Ligand code: SF4
Ligand code: SF4
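Right, here's the structure in full:
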């Protein structure tokens, strides 16, 4: 059916239909009041009015810690955690674009087996959002990097399919949908980050000093970022001769991240802050062909000392040092 419309009164039934395609996860609130993606046991737990979760959905594809190799007894086996079918409902455009970015990293020339297995069994249902003051994007937009996308209408949602799996979902939910003329689709966002002044990037401009004087190197801005994927690989051998190899998130804001063979290339906080900025906005964005900042605003909201890297995108002379 073209122009698919789901009345809000049928949302619970629609969620039940999604369960046919895998374990259903969605935005909920923890006991401590933190928005998160978690299994949706009861539709009443759904919080579609959320602005952003603390941890983005990258956690499903790129787990915080996973065993990637187990060896011993003269052999080895790859240890990637098994993945079941998973449906994530209610993902905002920025997080969908974040996953599209990680796809470029982990599924390019040499696909990461664990990521590829999990990605192949993941169904993404996006939903439109309302940007707030933390967002780096310029407008609420619709992302095509999903299977289905829901845009709010007067008493429900216009639903657009962007994949064969999305079409299968719509077929399964056909009895819940009605035909209603779709609203004009908003433009899909381009890179959300404006150009920086090249003079600022490698300089000792007071702005860098200002940030470094308050940054506590907690790494929250990287942990919560949907496109950050630095990891470390550690070996844990046992006395019996076997062992395991673990991959876990690393963080370029940590002092240990720049350590190589006894030297540390970024011992100072200023160096690490500047490294993250240069790496993210000036290095990897052109390399991957899409912005490595998807504008989610988490790094601003969750920074304990309110550092706002958007200040770096305006001309230095306009910024109070
Ligand atoms: S840099 Fe900040 S605003 Fe951009 S994607 Fe990462 S957490 Fe979101
Ligand atoms: S969240 Fe803020 S304080 Fe923590 S490392 Fe990032 S910029 Fe520094």
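Residue numbers (UniProt numbering): 1 to 321.
A virtual CB, placed ideally from N, CA and C, is assigned to each residue, including glycine.
What you are looking at is a predicted structure, and each value in this text was computed from that prediction instead of being measured.
Residue range of the unbroken alpha helix (DSSP H) whose run includes residue 277
In the DSSP assignment, residue 277 falls within the unbroken alpha helix (DSSP H) covering 269-277.
Taking 6 angstroms as the cut-off, is the CB of residue 84 close to at least one heavy atom of ligand 2?
Checking every heavy atom of ligand 2 against the Cβ of residue 84, none is found closer than 6 angstroms.
Considering only C-alpha positions, which residue in the set 275, 224, 244, 107 is nearest to residue 258?
With distances taken between Cα atoms, residue 258 lies closest to 275.
Helix, strand or coil for residue 260, going by three-state DSSP, please let me know.
Of the three classes helix, strand and coil, the one that applies to residue 260 here is strand, per DSSP.
Please tell me whether, using a cut-off of 6 angstroms, the distance from the CB of residue 219 to the nearest non-hydrogen atom of ligand 1 is below it.
No - ligand 1 has no heavy atom lying nearer than 6 angstroms to the Cβ of residue 219.
Round the Cβ separation of residue 142 and residue 152 to the nearest angstrom and send it over; I've been treating them as touching at under 8 angstroms.
About 11 angstroms separates the beta carbon of residue 142 from that of residue 152, a gap too long to meet the 8 angstroms contact definition.
Using 8 angstroms for Cβ pairs, my map puts residue 233 next to residue 245. What's the rounded Cβ distance?
At roughly 6 angstroms, the Cβ-Cβ gap stays under 8 angstroms, so residue 233 and residue 245 are in contact.
Fully enclosed by the segment 212-253, which beta strand (DSSP E) runs are 3 residues long or longer?
DSSP assignment within the segment 212-253 yields the following whole beta strand (DSSP E) runs of 3 residues or more, N-terminal first: 231-237, 243-249.
Stretch-stretch touch, CB-based, cutoff 8 angstroms, three pairs: the segment 160-178 with the segment 23-42:
Taking 8 angstroms as the limit for Cβ pairs, the verdict is that the segment 23-42 does not touch the segment 160-178.
What are the boundary residues of the alpha helix (DSSP H) that includes residue 113?
Here the alpha helix (DSSP H) through residue 113 covers 113-120.
Cα-Cα, which of 150, 210, 61 is closest to residue 311?
Checking every option, the nearest Cα to that of residue 311 belongs to 210.
Taking only heavy atoms of ligand 2 into account, decide whether any of them is closer than 6 angstroms to the Cβ of residue 296.
Checking the Cβ of residue 296 against ligand 2 gives no.
Closer than 8 angstroms is the cut-off here; do at least three beta carbon pairs connect the segment 52-59 with the segment 92-104?
Touching, yes, given that three or more Cβ pairs across the two stretches are closer than 8 angstroms.
Nearest to residue 268 by alpha carbon, out of 235, 213, 291?
Across the set 235, 213, 291, the C-alpha of 213 shows the shortest separation from the C-alpha of residue 268.
Give me the Cα-Cα distance between residue 38 and residue 87, rounded to the nearest whole angstrom.
Straight-line Cα distance between these residues: approximately 11 angstroms.
For residue 304, count neighbouring Cβ atoms within 10 angstroms of its own Cβ and tell me buried if that reaches 16, exposed if not.
With fewer than 16 Cβ atoms within 10 Å of its Cβ, residue 304 is classed as exposed.
Within the continuous beta strand (DSSP E) that includes residue 53, where are the two ends?
Here residue 53 belongs to no beta strand (DSSP E), and DSSP marks it neither H nor E.
Where in the segment 24-72 do unbroken runs of the alpha helix (DSSP H), each at least 4 residues long, occur, reported from the N-terminal end onward?
List check, alpha helix (DSSP H) in window: 58-61.
To the nearest whole angstrom, what separates the beta carbons of residue 250 and residue 230, a pair I think is in contact under 8 angstroms?
Correct: roughly 4 angstroms between the Cβ atoms.
Roughly how many angstroms lie between the CA atoms of residue 77 and residue 255, to the nearest whole one?
For residue 77 and residue 255, the distance between alpha carbons rounds to 33 angstroms.
Taking only three categories from DSSP, how would you classify residue 160?
Residue 160 sits in a strand when the DSSP states are folded into three classes.
Can you list, in chain order, the residues of its chain with a C-beta nearer than 8 angstroms to that of residue 238? Leave out the 5 residues immediately preceding and following it.
If the five residues before and after residue 238 are omitted, its C-beta is found closer than 8 angstroms to the C-beta atoms of 72, all from its own chain and listed in chain order.
Using the rule of at least 16 other Cβ atoms within 10 Å of the residue's Cβ for burial, across every protein chain shown, is residue 62 buried or exposed?
Residue 62 is buried by the Cβ-count criterion.
Need the endpoints of the alpha helix (DSSP H) that residue 105 sits in, please.
Start and end: 93-106.
For residue 8, name the three-state secondary structure that DSSP assigns.
Of the three classes helix, strand and coil, the one that applies to residue 8 here is helix, per DSSP.
On a Cα-Cα basis, can you pick out the residue from 172, 215, 294 that is closest to residue 228?
Closest option to residue 228, Cα to Cα, is 294.
Hey, residue 20 and residue 156: beta-carbon distance below 7 angstroms or not?
The answer is no: Cβ separation not under 7 angstroms.
Does the beta-carbon of residue 299, which I'm using as the reference point, lie nearer than 6 angstroms to any heavy atom of ligand 1?
Answer for residue 299: yes, Cβ within range of ligand 1.
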